[in-house]
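Asks: To get my numbering, take the position in the sequence shown, counting from 1, and add 1.
Think of the CB as a built atom: it goes at the ideal place given N, C-alpha and C, for glycine as much as any other residue.
After the structure tokens below, expect a handful of questions from me.
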Amino acid sequence: MNTESRQAVSTIADEEASDAGAFLSDVATLRARARQHIEEGAVTGGYSLNAHAAVKVLNDALATELVCTLRYRQHAFVARGIHSDPIAQEFLVHSNEELAHADLLAKRIVQLGGTPEFNPDRLSQRSHAEYAACETLEAMIRENLVAERIAIESYREMVRYFAEHDPTTRAMLEGILAMEEAHADELADLLG
Numbered sequence: 002m003n004t005e006s007r008q009a010v011s012t013i014a015d016e017e018a019s020d021a022g023a024f025l026s027d028v029a030t031l032r033a034r035a036r037q038h039i040e041e042g043a044v045t046g047g048y049s050l051n052a053h054a055a056v057k058v059l060n061d062a063l064a065t066e067l068v069c070t071l072r073y074r075q076h077a078f079v080a081r082g083i084h085s086d087p088i089a090q091e092f093l094v095h096s097n098e099e100l101a102h103a104d105l106l107a108k109r110i111v112q113l114g115g116t117p118e119f120n121p122d123r124l125s126q127r128s129h130a131e132y133a134a135c136e137t138l139e140a141m142i143r144e145n146l147v148a149e150r151i152a153i154e155s156y157r158e159m160v161r162y163f164a165e166h167d168p169t170t171r172a173m174l175e176g177i178l179a180m181e182e183a184h185a186d187e188l189a190d191l192l193g
């Protein structure tokens, strides 16, 4: 590479670095801001949502996941009939996955400075989905499918709410949404 080529490459690299610097804070500023309000943990001054409102949204989602966990689990144990075993096993798998979602939500609530709400007296009031004990296997499948469809719509709204303001929470919710969509597909297949 000749001298002119090296200078051109160097100039391009310097321009790209200055472009990157246009939207990134300098290191000294980042360090100074990180030292401010350290007791707030992951919630920095750059968090553009109201953290208390975000925690409320996530606690409602947590309540929904816990109610769904319990409904699926109850259905898994009371399912009866000639084809009930594989469906009961599917309910149990869904219950465990809903519980894993609840754990993710609870951890994020704590990261945002909140307290996860596990009070059983308040869960059904906060939950988007309902707890419904059903008599027949078909009714159980239908009720769980309705709950999954509610969860899908709720998570889509939450993804829009967090959008670019909280990409960490948005990504977590998108992962949960994908699982809820898979649950809905599985339940719809069972009805078919």
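Suppose you measure from the CA of residue 57 to the CA of residue 153; what does that come to, to the nearest Å?
Replies: Taking the first residue of the sequence shown as 1, we reach residue 57 at position 56. Taking the first residue of the sequence shown as 1, we reach residue 153 at position 152. Answer to the nearest angstrom: the Cα atoms are 18 Å apart.
Asks: Just reading off the alpha helix (DSSP H) that residue 66 is part of, what are its end residues?
Replies: Counting from 1 along the sequence shown, the entry for residue 66 is found at position 65. Per DSSP, residue 66 belongs to the alpha helix (DSSP H) from 52-79.
Asks: Does the segment 64-73 come close enough to the segment 81-101 to have 3 or more Cβ pairs within less than 8 Å?
Replies: Output reads yes: the segment 81-101 touches the segment 64-73.
Asks: Determine contact between the segment 182-191 and the segment 142-149, defined as no fewer than three beta-carbon pairs at a distance below 8 Å.
Replies: Output reads yes: the segment 142-149 touches the segment 182-191.
Asks: Please classify residue 126: does DSSP put it in a helix, a strand, or coil?
Replies: On the sequence shown, position 125 is the one that residue 126 refers to. The answer is helix: DSSP assigns residue 126 an H, G or I state.
Asks: Thinking just about the alpha-carbon of each residue, which of 65, 137, 29 and 113 is nearest to the one in residue 168?
Replies: The count along the sequence shown starts at 1 and reaches residue 168 at position 167. Residue 113 is the option with its Cα nearest to residue 168.
Asks: Starting from the Cα of residue 139, find the closest Cα among 179, 108 and 192 and give me that residue.
Replies: On the sequence shown, position 138 is the one that residue 139 refers to. Of the candidates 179, 108 and 192, the one whose C-alpha sits nearest the C-alpha of residue 139 is 192.
Asks: Taking contact to mean 3 or more Cβ pairs, one atom from each stretch, closer than 8 Å, check whether the segment 77-91 and the segment 169-182 are in contact.
Replies: These segments do not touch.
Asks: By the DSSP assignment, the alpha helix (DSSP H) with residue 137 in it spans what residues?
Replies: Within the sequence shown, numbered from 1, the residue matching residue 137 stands at position 136. No alpha helix (DSSP H) contains residue 137, which DSSP labels as neither H nor E.
Asks: From residue 66 to residue 88, what does the alpha carbon distance come to, in whole angstroms?
Replies: Here the question's residue 66 lines up with position 65 in the sequence shown. Here the question's residue 88 lines up with position 87 in the sequence shown. Their Cα atoms are separated by approximately 20 Å.
Asks: Can you look up residue 176 in the DSSP assignment and give me helix, strand or coil?
Replies: Translated into the one-based positions of the sequence shown, residue 176 becomes position 175. Three-state DSSP puts residue 176 in a helix.
Asks: Is it buried or exposed, residue 78, if we count other Cβ atoms within 10 angstroms and call 16 or more buried?
Replies: As a first step, residue 78 must be located in the sequence shown, where it is residue number 77. Exposed, by the Cβ-count rule.
Asks: Buried or exposed for residue 49, going by 16 or more other Cβ atoms inside 10 Å?
Replies: Along the sequence shown, read from residue 1 onward, the residue named residue 49 stands at position 48. Answer is exposed; the Cβ neighbour count stays below 16.
Asks: Helix, strand or coil: how does DSSP classify residue 30 here?
Replies: To locate residue 30, count along the sequence shown from 1; it is residue 29. Reduced to three states, the DSSP call for residue 30 is helix.
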